[in-house]
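Below is one structure, written out as C-alpha cells; comments come after it.
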Amino acid sequence: MKNLLEFILIHLVNFPDDVGVEETVGEREDVYTISVNAADIGRIIGKAGNTIQAIRSIAKVRAMKEHRLIRILVKEPEVSGQSSTTDETV
Numbered sequence: 012m013k014n015l016l017e018f019i020l021i022h023l024v025n026f027p028d029d030v031g032v033e034e035t036v037g038e039r040e041d042v043y044t045i046s047v048n049a050a051d052i053g054r055i056i057g058k059a060g061n062t063i064q065a066i067r068s069i070a071k072v073r074a075m076k077e078h079r080l081i082r083i084l085v086k087e088p089e090v091s092g093q094s095s096t097t098d099e100t101v
C-alpha cells in the first residue's frame with residue numbers, strides 16, 4: 012500500500028523528492044501519513060478535497076482486497092512550529 016501511495020503522489024507533485032509516506036501497522040487498521048513539500052500541499056488536497064478523496068478511494072479498494080481498514084492522513088506543513096494532520100478512515 013505504501014508503494015502505491017508513493018507512486019501516485021510522486022506523479023502528482025512538483026517536488027517528488029519531498030514525498031514521504033509513513034506507515035503504522037495496527038492489529039486491524041493501518042495508518043498512512045503523507046508528507047509533501049509545502050508548495051505541493053494544494054495539489055495533493057485538490058479543489059474541495061477532490062484529489063485526496065480520489066487517492067483515499069483508490070487505497071480503499073486495495074485495502075478491501077486485503078481485508079484491512081486504513082486511514083490516510085495528510086501532514087500539513089509546519090507553520091511557526093505547529094503541525095497538524097487531516098484524516099479520514101476509509
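Residue numbers (my numbering): 12 to 101. Note that CB positions come from ideal geometry on N, CA and C, so glycine has one too. Because the structure is a prediction, the values reported are computed rather than measured.
Between the C-alpha atoms of D41 and I56 there is a straight-line separation of about 20 Å.
Its Cα nearest to that of Q64, the residue R82 stands out among R82, A50, V24, D51.
In the structure shown, V72 adopts helical secondary structure according to DSSP, grouped into three states. The secondary-structure analysis by DSSP pairs I81 across a beta bridge with D41. Straight across, the Cα-Cα distance linking I45 with V85 is about 5 Å.
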